[in-house]
Amino acid sequence: MLILSLPIFFIGIIVGSFLNVVILREGIGGKRHKRSICLSCGKQIENKDLVPVFSFFRLRGRCRSCKSRLSPQYPLVEIATGLFFVFAFFHAEKIAVVPLAVADFISLTIIGSLLIIIFVYDLRHKIIPDWTVSSLAFFAILRLSVIHFLFGSLFGQFYFMELLAGILSALPFFLIWLFSGGRLMGLGDAKLMVGLGILLGFRLFLPAIAVSFWLAALIMGLLILAGKFSKNRKLRLIFGDLGRKSEIPLGPFLIAGSLLMFFWSAELIGVFFPFMM
Ligand SMILES: [Zn+2]
């Protein structure tokens with residue numbers, strides 16, 4: 001299995017370099033970029049410098065012609081996608097029925113790719129494009145339907161309970177959006193939770209939301225402290241204001257908490273929610 005996970009990691013890295021292109025093309029305000037030019041000097045990037053992950057480290061993260069810094073987003077997205085593919089493989093590998101394992105792996109790689117796009121996009125622009133969350137909900141329902149079809153339980157009681165988990169996950173976020181007039185939370189977070197809730201299912205959606213908020217509180221707390229006490233002026237400028245700014249992108253935390261719970265529920269539930277055992 002470890003031998004197989006290496007090629008899967010590399011396939012993930014290649015998919016990740018494609019996700020970088022999608023994230024850049026999506027742009028903001030109709031401004032679209034191509035990956036093949038340097039965003040600083042506008043020079044076309046040569047083919048030999050387009051090898052995922054490898055090129056970034058060989059160039060020490062700088063453009064070959066103007067030496068300006070390249071965004072670490074490129075290698076980070078590529079490595080994250082590679083790792084996600086490996087986690088998806090280990091998740092599917094535990095399933096004894098072969099068609100079920102194949103459906104599990106393929107659906108997870110599609111859903112994971114969408115989640116990585118949403119994660120980066122929300123972090124950078126504090127909005128979530130509609131097509132990403134609707135595709136996520138679509139593929140989460142498709143995944144659920146295929147799995148229940150292979151089990152012979154399509155449209156059964158448990159099928160509808162997992163669908164209901166999607167609605168119940170999104171409901172509190174939708175209500176906060178509604179009653180705060182969109183000030184405390186964007187509608188994008190509610191839409192994101194539909195797909196995540198269906199992926200997580202009835203058993204895991206509440207612990208996943210709890211873990212997401214703990215993560216958000218912990219990381220925001222650490223960043224605010226770093227901003228207050230750092231000797232580095234730039235760090236103080238970036239993070240010093242965080243506490244007063246109301247707009248914190250919640251999407252990345254919801255995705256991180258959900259994935260932690262999805263892949264490692266057995267370990268995490270025992271530690272954080274022993275009453276659920
Ligand atoms: Zn350049």
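Going by UniProt numbering, the letters in the sequence shown line up with residues 1 to 277, in that order.
C-beta atoms are modelled at their ideal positions from N, C-alpha and C, and glycine is treated no differently.
Given a length threshold of 4 residues, each whole run of the alpha helix (DSSP H) inside the stretch 177 to 221 is given here in chain order: 187 to 200. Those residues placing their Cβ nearer than 7 Å to any heavy atom of ligand 1 are, following chain order, C38, S40, C41, K43, C63, S65, C66, S68.
For L108, the enclosing alpha helix (DSSP H) has its first and last residue at 98 to 125. With a 10 Å radius around the Cβ and a threshold of 16 neighbouring Cβ atoms, P75 comes out buried. By the C-beta density criterion, I37 is exposed, having fewer than 16 other C-beta atoms within 10 angstroms.
Taking a cut-off of 8 Å for Cβ pairs, the stretch 108 to 122 and the stretch 81 to 91 touch, as three or more such pairs fall below it. DSSP places R25 in the helix class (H, G or I) of the three-state scheme. Boundaries cannot be given for D49, as no alpha helix (DSSP H) includes it and DSSP labels it neither H nor E.
A buried status is given to R143, since no fewer than 16 other beta-carbon atoms sit within 10 Å of its beta-carbon. Excluding five sequence positions before and after T109, the CB atoms of its chain that fall closer than 7 Å to its own CB belong to F85, A88, given in chain order.
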